Amino acid sequence: MTEQAEKHPAVQAGQEGARGVSVILPARNEQGAVGDTVRRVLDLLPGAQVIVVDDGSVDDTARFAEQAGAQVLRRPYGMGNGAAVKAGARVASGEVLVFMDADGQHDPADIPRLLQRLDEGYDMVVGARDGGSQASVGRGLANRLYNRLASWMTGHAVLDLTSGFRAARAARFREFLHLLPNGFSYPTTSTMAFFRSAYAVSYVPIHAARRIGTSHIRPLRDGVRFLLIIFKIATLYSPLKLFAPVAVGFALLGLGNYAYTFSTLHRFTNMSALLLSAAVIVFLIGLISEQITNLTYRRGD
379 MTEQAEKHPA
389 VQAGQEGARG
399 VSVILPARNE
409 QGAVGDTVRR
419 VLDLLPGAQV
429 IVVDDGSVDD
439 TARFAEQAGA
449 QVLRRPYGMG
459 NGAAVKAGAR
469 VASGEVLVFM
479 DADGQHDPAD
489 IPRLLQRLDE
499 GYDMVVGARD
509 GGSQASVGRG
519 LANRLYNRLA
529 SWMTGHAVLD
539 LTSGFRAARA
549 ARFREFLHLL
559 PNGFSYPTTS
569 TMAFFRSAYA
579 VSYVPIHAAR
589 RIGTSHIRPL
599 RDGVRFLLII
609 FKIATLYSPL
619 KLFAPVAVGF
629 ALLGLGNYAY
639 TFSTLHRFTN
649 MSALLLSAAV
659 IVFLIGLISE
669 QITNLTYRRG
679 D
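Going by this note's numbering, the first residue of the sequence shown is number 379, and it counts up by one from there.
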């Protein structure tokens with residue numbers, strides 16, 4: 379047990395305290411790593427609730443997880459990483475939820491660092507992967523693009539938008555279960571939802587090892603899916619920040635076209651009218667989307 383782990387009350391007590399910790403591991407065909415991951419979590423936090431959500435595995439993932447001491451939720455078929463996370467969050471009894479991969483990438487020894495930051499008053503703490511933790515150059519570049527876009531949208535430094543290793547207060551996290559997708563972009567959605575609702579988010583630097591087994595990410599299929607994340611980031615947080623620049627672009631094109639046609643043909647053309655109309659329509663769509671977003675995040679206190 380590390381010195382950092384000994385500092386946290388949940389670790390010192392060796393059992394679930396008044397707060398309680400539930401560690402949720404979505405898993406699909408992870409028999410090569412899930413047992414060792416569960417044992418390492420329980421060695422570090424003996425009293426924690428460890429939930430492995432078997433997302434339609436065709437190997438012995440569930441059996442190895444149970445033998446290691448985890449509570450296993452079996453899904454009859456693969457519903458997606460986000461769906462597994464939601465299932466685990468619904469049955470978790472802890473007041474703090476820790477999410478991590480079951481494939482050996484995330485080091486359970488980092489959990490106390492996340493919990494310690496929660497003790498400082500944050501509502502969610504995310505493990506931010508270092509540069510050597512990216513699976514490929516392409517994935518690393520894509521993640522940097524997501525981080526920059528999210529930072530611009532929120533006005534806060536977002537160090538790792540897509541990291542699946544995070545700890546959050548259960549009551550806060552469950553507020554957004556209906557927003558989380560069933561696929562791989564649940565980290566993006568949950569992070570932006572916390573920022574949108576003015577819940578404090580912090581980052582702790584971590585190193586992620588290479589996964590054990592075969593990755594479920596498919597470059598072509600998931601490349602398109604991750605491209606859609608960019609638009610989801612904007613629409614989840616503040617749609618006007620996406621629609622307003624597009625509207626301004628159409629307006630400038632319309633005015634530029636009008637200036638050209640007026641100087642050469644001395645008339646207002648249909649193309650100018652179309653571009654200026656598009657600017658108004660796009661802006662109004664953004665305005666309506668902004669109101670819908672406000673209603674989506676409104677909570678009854």
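Yeah, the Cβ is synthetic: ideal placement off N, Cα and C, and Gly gets one too.
From a predicted model like this one, the values you see are computed outputs, not experimental measurements.
On the premise that residue j lies in contact with residue i, defined as a C-beta separation below 8 Å, what is that separation, rounded to the nearest angstrom?
i: Phe460; j: Asn560; result: With the sequence shown as reference, residue 460 is identified as Gly, and Phe is not the correct amino acid for it. Contact holds; Cβ gap of about 5 Å.
i: Ala405; j: Thr439; result: 5 Å
i: Val412; j: Phe442; result: 6 Å
i: Asp432; j: Leu451; result: 7 Å
i: Met570; j: Tyr615; result: 5 Å
i: Phe646; j: Tyr636; result: 6 Å
What number of angstroms, rounded off, separates the C-alpha of residue i from the C-alpha of residue j?
i: Gly533; j: Ala622; result: 17 Å
i: Arg550; j: Ala506; result: 20 Å
i: Ala535; j: Tyr581; result: 9 Å
i: Val416; j: Gly499; result: 28 Å
i: Ala548; j: Arg522; result: 28 Å
i: Gln445; j: His556; result: 32 Å
i: Leu537; j: Ala528; result: 9 Å
i: Ile670; j: Glu553; result: 17 Å
i: Ala629; j: Asn672; result: 26 Å
i: Ala426; j: Ser667; result: 41 Å
i: Leu403; j: Thr674; result: 28 Å
i: Leu492; j: Ala545; result: 6 Å
i: Lys464; j: Leu653; result: 43 Å
i: His585; j: Val658; result: 47 Å
i: Asp414; j: Leu662; result: 53 Å
i: Ser568; j: Leu558; result: 7 Å
i: Gly472; j: Ser650; result: 59 Å
i: Gly632; j: Asn648; result: 10 Å
i: Leu519; j: Arg526; result: 11 Å
i: Val399; j: Pro565; result: 19 Å
i: Asp508; j: Ser641; result: 56 Å
Could you check if residue i is buried or exposed, using at least 16 other CB atoms within 10 Å of its CB as the buried criterion?
i: Ile429; result: buried
i: Phe543; result: buried
i: Gly634; result: exposed
i: Leu643; result: exposed
i: Val660; result: buried
i: Leu539; result: buried
i: Ser541; result: buried
i: Val469; result: exposed
Quick one: residues in its chain with C-beta nearer than 7 Å to the C-beta of residue i, no 5 flanking neighbours on either side, listed in chain order?
i: Ala448; result: Val416, Val428, Ile429 and Val430
i: Arg495; result: Val503, Ser580 and Val582
i: Ala612; result: Met531, Lys619 and Leu620
i: Asp756; result: What is shown of the chain runs 379 to 679, which leaves residue 756 out entirely.
i: Pro617; result: Gly664, Ser667, Glu668 and Thr671
How about residue i: is its C-beta nearer than 8 Å to some C-beta of chain B?
i: Ser568; result: No chain B appears in the structure shown, which is made up of a single protein chain.
Within a Cβ cutoff of 6 Å, which residues of the same chain sit near residue i, ignoring the five residues on either side of it in sequence?
i: Ala656; result: Phe628
i: Ser563; result: Ile607
i: Tyr455; result: Gly434
i: Val401; result: Val419, Ala426, Val428 and Val476
Near residue i, what residues of its chain come up, given a Cβ to Cβ distance below 8 Å and the 5 sequence neighbours on each side ignored?
i: Asp501; result: Ala546, Arg547, Arg550, Phe572, Tyr577, Ala578 and Val579
i: Arg453; result: Val431, Asp432, Asp433, Gly434, Ala461, Ala462 and Ala465
* State whether the segment 624-638 contacts the segment 567-586, with contact taken as three or more CB pairs (one from each stretch) at a distance under 8 Å. => Cβ pair count under 8 Å is below three, so no.
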